[in-house]
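For reference, the structure is listed below as structure tokens.
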Amino acid sequence: GAVVSQHPSRVICKSGTSVKIECRSLDFQATTMFWYRQFPKKSLMLMATSNEGSKATYEQGVEKDKFLINHASLTLSTLTVTSAHPEDSSFYICSIFHVDEQFFGPGTRLTVL
Amino acid sequence: QKEVEQDPGPLSVPEGAIVSLNCTYSNSAFQYFMWYRQYSRKGPELLMYTYSSGNKEDGRFTAQVDKSSKYISLFIRDSQPSDSATYLCAMSVGNEKLTFGTGTRLTIIP
């Protein structure tokens, strides 16, 4: 099956700094990638749809200026959490859709101190 | 009302038992139904996928969909300790943008 990688797997940063998370599709070209956020004991919530070569589509309530998405190639999408605050601490997961299945990355755990 | 409701558990059963996991939904436009398994600090992995009412079996796993009642289930037979994980139901209208349940944390006791 498709393999999706994320980097880093874990990051701890100070409040006010920016953090970039990479999502790579290793087996397939992906014109669309999805970014999810998962708080402890909560469901995955779709944050945005990343579109290669165009602007991302954000879900209601997600600040596009805070969560910057860049989908510069068919295999790479990045999510930058700008001016991170403790409430942004969460598990961020990307996914790609191929044929009938959505393949998820291993996730990035962000802790903002 | 949430679009997808799932009992968060936790659920503990002895090894070998049959496990039943359930989700209800309110959006009648959902056409695709999935069950994912998520181990601690890992991304979800697809277990079962279906788009029609009825049962679908894959080894020890059976997915059941009842569109008229807006209810889906996942049954695990002969449960094993390695089945211990969080199980998430997910559904979509156009099989790309997924709406997840909260997940049920399952523990199989040896």
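Line order of the protein sequences matches chains A and B. Using the numbering used here, the letters of the first sequence map in sequence onto residues 460 to 572. Using the numbering used here, the letters of the second sequence map in sequence onto residues 497 to 606. The beta-carbon is built from N, C-alpha and C at its ideal position, and this holds for glycine as well.
Bridge-paired residues (DSSP) for residue 533(A): According to DSSP, which records beta bridges pairwise, residue 533(A) is partnered with nothing at all.
Of all Cβ atoms in chain D, is any one closer than 7 Å to the Cβ of residue 592(B)? In the structure shown, chain D does not exist; the protein chains are A and B.
Check each residue of the stretch 572-585 of chain B: if its Cβ is closer than 8 Å to any Cβ of chain A, include it; give the result in chain order. Listed in sequence order: 584.
If you draw a straight line from the C-alpha of residue 511(A) to the C-alpha of residue 574(B), how long is it? Their backbone Cα atoms lie some 44 Å apart in a straight line.
Give me the subset of the stretch 510-543 of chain B whose CB atoms are less than 9 Å from a CB atom of chain A, sorted by chain position. For the stretch 510-543 of chain B, which is checked against every Cβ of chain A, the residues closer than 9 Å are 528, 530, 532, 534, 537, 538, 539, 540, 541, 542.
Would you please state the rounded distance, in angstroms, between the beta carbons of residue 539(B) and residue 565(A)? I believe it to be under 8 Å. Their Cβ separation, rounded to whole angstroms, is 5 Å, which keeps residue 539(B) and residue 565(A) in contact under 8 Å.
Reduced DSSP secondary structure (H/G/I, E/B, other) of residue 578(B): Of the three classes helix, strand and coil, the one that applies to residue 578(B) here is helix, per DSSP.
Could you check whether residue 567(A) and residue 548(A) sit closer than 7 Å to each other, using their CB atoms as the reference points? Between residue 548(A) and residue 567(A), the gap from beta carbon to beta carbon reaches 7 Å or more.
Chain-ordered residues of the stretch 498-532 of chain A with a beta carbon less than 8 Å from chain B: Within the stretch 498-532 of chain A, contact with chain B at the beta-carbon level (separation under 8 Å) is assigned to 500, 501, 502, 503, 504, 505, 508.
N-terminal and C-terminal residue of the beta strand (DSSP E) that residue 542(B) is part of: Per DSSP, residue 542(B) is one residue of the beta strand (DSSP E) stretching across 541-546.
Is there a Cβ from chain B that is less than 7 Å from the Cβ of residue 565(A)? Under the Cβ criterion of 7 Å, residue 565(A) is counted among the residues facing chain B.
Check for me: the beta strand (DSSP E) holding residue 549(A) runs from which residue to which? Note, residue 549(A): beta strand (DSSP E), 549-557.
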